[in-house]
Amino acid sequence: MPTSSYSFLFILLFCFSTAALAGDPFVFYDWTVSYLTASPLGVKQKVIGINGQFPGPILNVTTNWNVVVNVKNGLDEPFLLTWNGIQHRKNSWQDGVLGTNCPIPAGWNWTYQFQVKDQIGSFFYFPSLSFQRAAGGYGGIIINNREVIPVPFGMPDGDIAIFISDWYSKSHKELRQDVEKGINLGVPDGILINGLGPYRIDGAVVPDGITYLKINVEPGKTYRLRVHNVGISTSLNFRIQNHNLLLVETEGSYTVQQNYTNMDVHVGQSYSFLVTMDQNASSDYYIVASPRFVNSSAWGSVTGVAILHYSNSQGPASGPLPDLPNENDPYFSMNQARSIRWNVSAGAARPNPQGSFKYGQITVTDVYVILNRPPELIDGKWRTTLNGISYLPPSTPLTLAQQFNIPGVYKLDFPNKLMNRPPKIDTSLINGTYRGFMEIIFQNNDTTVQSYHLDGFAFFVVGMDFGVWTENSRVTYNKWDGVARCTTQVFPGAWTAILVSLDNAGNWNLRSENLDSWYLGQEVYLNVLNTENDTDEAPLPGNAIYCGLLSSLQTDQAQRVNFSGASSLSDGHRRILVIILIAFLGTFFK
Numbered sequence: 234m235p236t237s238s239y240s241f242l243f244i245l246l247f248c249f250s251t252a253a254l255a256g257d258p259f260v261f262y263d264w265t266v267s268y269l270t271a272s273p274l275g276v277k278q279k280v281i282g283i284n285g286q287f288p289g290p291i292l293n294v295t296t297n298w299n300v301v302v303n304v305k306n307g308l309d310e311p312f313l314l315t316w317n318g319i320q321h322r323k324n325s326w327q328d329g330v331l332g333t334n335c336p337i338p339a340g341w342n343w344t345y346q347f348q349v350k351d352q353i354g355s356f357f358y359f360p361s362l363s364f365q366r367a368a369g370g371y372g373g374i375i376i377n378n379r380e381v382i383p384v385p386f387g388m389p390d391g392d393i394a395i396f397i398s399d400w401y402s403k404s405h406k407e408l409r410q411d412v413e414k415g416i417n418l419g420v421p422d423g424i425l426i427n428g429l430g431p432y433r434i435d436g437a438v439v440p441d442g443i444t445y446l447k448i449n450v451e452p453g454k455t456y457r458l459r460v461h462n463v464g465i466s467t468s469l470n471f472r473i474q475n476h477n478l479l480l481v482e483t484e485g486s487y488t489v490q491q492n493y494t495n496m497d498v499h500v501g502q503s504y505s506f507l508v509t510m511d512q513n514a515s516s517d518y519y520i521v522a523s524p525r526f527v528n529s530s531a532w533g534s535v536t537g538v539a540i541l542h543y544s545n546s547q548g549p550a551s552g553p554l555p556d557l558p559n560e561n562d563p564y565f566s567m568n569q570a571r572s573i574r575w576n577v578s579a580g581a582a583r584p585n586p587q588g589s590f591k592y593g594q595i596t597v598t599d600v601y602v603i604l605n606r607p608p609e610l611i612d613g614k615w616r617t618t619l620n621g622i623s624y625l626p627p628s629t630p631l632t633l634a635q636q637f638n639i640p641g642v643y644k645l646d647f648p649n650k651l652m653n654r655p656p657k658i659d660t661s662l663i664n665g666t667y668r669g670f671m672e673i674i675f676q677n678n679d680t681t682v683q684s685y686h687l688d689g690f691a692f693f694v695v696g697m698d699f700g701v702w703t704e705n706s707r708v709t710y711n712k713w714d715g716v717a718r719c720t721t722q723v724f725p726g727a728w729t730a731i732l733v734s735l736d737n738a739g740n741w742n743l744r745s746e747n748l749d750s751w752y753l754g755q756e757v758y759l760n761v762l763n764t765e766n767d768t769d770e771a772p773l774p775g776n777a778i779y780c781g782l783l784s785s786l787q788t789d790q791a792q793r794v795n796f797s798g799a800s801s802l803s804d805g806h807r808r809i810l811v812i813i814l815i816a817f818l819g820t821f822f823k
């Protein structure tokens, strides 16, 4: 064979091997978002589904995989998905909130592409615009450990996603109009579990014909239950009749393993429990999600109930629902939250133990004490505030304004404490220090539990207490095994303190997860910019949608990407293909 032919074949082999073996796997999803008709509480209404499913499909991936999700917006209004807890390392372009993305217009599609870099755990996605989460559009995210890193518990016999949420028969459009008018959301019409209404334990409360969730299990087996509160504004207590919940993970952190009989899951939070089917199956068992910290008698009938069914069950569930302990006692709930600790000896996304990051020894560079207030009239509109500022999303996303150096879109002047001035509506950002270490104290002046979420990071929950935070409160901080997560609760008349390492360049949304508070302006963006190295952030995506001051750059969608039927290529398959090619070439050279 001529030398040139050998050279060509070796180049071909080299290129093929490089392409096959380099990088992390890709997975492709093709999702159509549309309205569906459902009757979760016995009354027909529109819900938001994905590929005809409500809740939407599970995004099941492994640490460091690249995820490509083509989203077709089949609604009658703009749409974005945000990925609650996914950090999008140095790539806030994919975050799916108004500060980073132009909305996907009705009838258009947009393709998200991001890597689940150095993450494991249980998360969920949901629509981030226009109160749409109140109509559904949510689904689970599972990030599995790589095979080289052991999970700190035995492999469960099954993995079950559970979505709990308050629910209204009003449409999301009607709900957001009420909120704009200053009308309280009031008592929800029900509590859903996986998009379904309650089991009919009380015929006087639950009408006949409601479809409820039944989870089928085998006796003696252990299942991992990933529980997400995807609701609007209600803290929910989750429990299973006669079964313990062994907490093992929350929002990407393995926890010290402790048994609970129940767990308060606040809006936007996610937990993983191991549940062993160790009962005698004399009957089925109730799975319950019920509201917390509500005093009105009208809430008594608002309880979500599903059924745990053993394969050898001898009859339907019976008896009263398992008790809700200390129903209106926030002290019980706060002590429960304090008991959740980081498993410092376990590996997670990386082989080194979680506790090797000694957050308690790092010097704090910035301190923000953030106070909220209930809705109030500002310039004739009902608004909510953080440190006296109600956030106004600009028509041009922050990321695009920075990319094109457009002045006047935002200000880097968010105050580090409540200022002595009237509240105002503004686009004011927190000016974060790249690789700084920030302390944030949330002070809740509202009358309800508020959940706060930070995109782009996992933060350490180091303290919470009732009363007003002072600098002396730091002596109570947990500086060793405070759990790292992305959503924390703040009780009314109380504070919660977090520490966060600002090692992720971009614009990151800090928000109330309570939809009514968020919709009225209780959010801010954390601008983290590395002024010395622009390459610390991903470049502008080639498929970016332009809006606001850059609308003239947007062309009609002449090309739509469709990944239906595409499959991922694992490392194992790549190696097999390389071996086949080598064997073929070896035969060829004989």
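Numbering (the working numbering), first residue to last: 234 to 823.
Built from N, CA and C at the ideal position, the CB exists for glycine as well.
Residue i in three-state terms, based on DSSP
{"i": "Q490", "result": "strand"}
{"i": "S363", "result": "coil"}
{"i": "T214", "result": "Nothing can be reported for residue 214: it is not among the residues displayed for the chain, which extend from 234 to 823."}
{"i": "R616", "result": "strand"}
{"i": "E413", "result": "helix"}
{"i": "M510", "result": "coil"}
{"i": "Q594", "result": "helix"}
{"i": "A368", "result": "helix"}
{"i": "E310", "result": "coil"}
{"i": "E451", "result": "coil"}
{"i": "D679", "result": "coil"}
{"i": "A799", "result": "Note that A799 scores 37 on pLDDT, short of 50, meaning its location in the model is unreliable; the coordinates nonetheless yield the value given after this. Of the three classes helix, strand and coil, the one that applies to A799 here is coil, per DSSP."}
{"i": "W298", "result": "coil"}
{"i": "Y564", "result": "helix"}
{"i": "H321", "result": "coil"}
{"i": "D390", "result": "coil"}
{"i": "T536", "result": "coil"}
Residue from the options with nearest C-alpha to residue i
{"i": "N760", "options": "I291, K323 and P290", "result": "K323"}
{"i": "V498", "options": "G775, L732 and Q722", "result": "Q722"}
{"i": "I319", "options": "Y758, S355 and T729", "result": "S355"}
{"i": "P273", "options": "P336, I424 and P627", "result": "I424"}
{"i": "S589", "options": "N649, A717, K650 and I395", "result": "A717"}
{"i": "P339", "options": "T315, I778, L753 and D351", "result": "Residue 339 is actually Ala in this sequence, not Pro. Ranking the options by Cα distance to A339, first place goes to I778."}
{"i": "V627", "options": "I395, W615 and P640", "result": "Reading off the sequence, residue 627 comes out as Pro, not Val. Closest option to P627, Cα to Cα, is P640."}
{"i": "Q502", "options": "L429, I465 and G700", "result": "I465"}
{"i": "I663", "options": "K657, P656 and K650", "result": "K650"}
{"i": "L418", "options": "W532, A771 and T598", "result": "W532"}
{"i": "N293", "options": "N303, F261 and Q286", "result": "F261"}
{"i": "E380", "options": "V420, Y345, N297 and K447", "result": "N297"}
{"i": "P258", "options": "D309, Q278, L308 and Q346", "result": "Q346"}
{"i": "I448", "options": "V412, A394, T315 and D435", "result": "A394"}
{"i": "L507", "options": "N513, D328 and N495", "result": "N495"}
{"i": "N826", "options": "P440, R472 and L610", "result": "As displayed, the chain neither begins before 234 nor continues past 823, which places residue 826 out of reach and without an answer."}
{"i": "I622", "options": "T680, D659 and V439", "result": "D659"}
{"i": "V527", "options": "A514, P553, A550 and L557", "result": "L557"}
Cβ shell of residue i (< 6 angstroms), same chain only, five flanking positions each side left out
{"i": "V600", "result": "E672"}
{"i": "G696", "result": "T709, Y710 and A730"}
{"i": "Q787", "result": "Y779"}
{"i": "K305", "result": "T265 and N342"}
{"i": "G548", "result": "S516"}
{"i": "T618", "result": "R606 and P656"}
{"i": "D309", "result": "A339"}
Proximity below 8 angstroms, CB of residue i to CB of residue j
{"i": "I375", "j": "V460", "result": "no"}
{"i": "P725", "j": "N653", "result": "no"}
{"i": "L269", "j": "V276", "result": "no"}
{"i": "L313", "j": "P336", "result": "yes"}
{"i": "N475", "j": "Y445", "result": "no"}
{"i": "W728", "j": "I674", "result": "yes"}
{"i": "F692", "j": "V733", "result": "yes"}
Sequence-distant residues of the same chain with beta carbon closer than 8 angstroms to residue i, five excluded per side
{"i": "Q636", "result": "L773"}
{"i": "V450", "result": "G391, Y456, M510, L541, H542, Y543 and S544"}
{"i": "T483", "result": "G354, S355, Q502, S503, Y504, S505, I573, V716 and R718"}
{"i": "E756", "result": "L619, Y624, N742, L743, R744 and S745"}
Chain-order list of residues whose beta-carbon lies under 7 angstroms from that of residue i (same chain, five-residue window excluded)
{"i": "N576", "result": "P385, Y487, T488, V489 and Q587"}
{"i": "S578", "result": "P586 and G588"}
{"i": "G530", "result": "The question names Gly, but residue 530 in the sequence shown is Ser. Within the same chain, S530 has no close Cβ partners at all."}
{"i": "D422", "result": "L274, W400, Y401 and S402"}
Assumed close pair residue i, residue j - CB separation to whole angstroms, cut-off 8 angstroms
{"i": "D688", "j": "W751", "result": "No, D688 and W751 are not in contact; Cβ-Cβ is about 13 angstroms, not under 8 angstroms."}
{"i": "S505", "j": "V481", "result": "5 angstroms"}
{"i": "Y762", "j": "A738", "result": "The sequence given here places Leu at residue 762; Tyr does not occur at that position. Right, the Cβ-Cβ distance comes to about 6 angstroms (below 8 angstroms), so this counts as a contact."}
{"i": "S572", "j": "R525", "result": "About 16 angstroms separates the two Cβ atoms, so there is no contact after all."}
{"i": "V535", "j": "V420", "result": "6 angstroms"}
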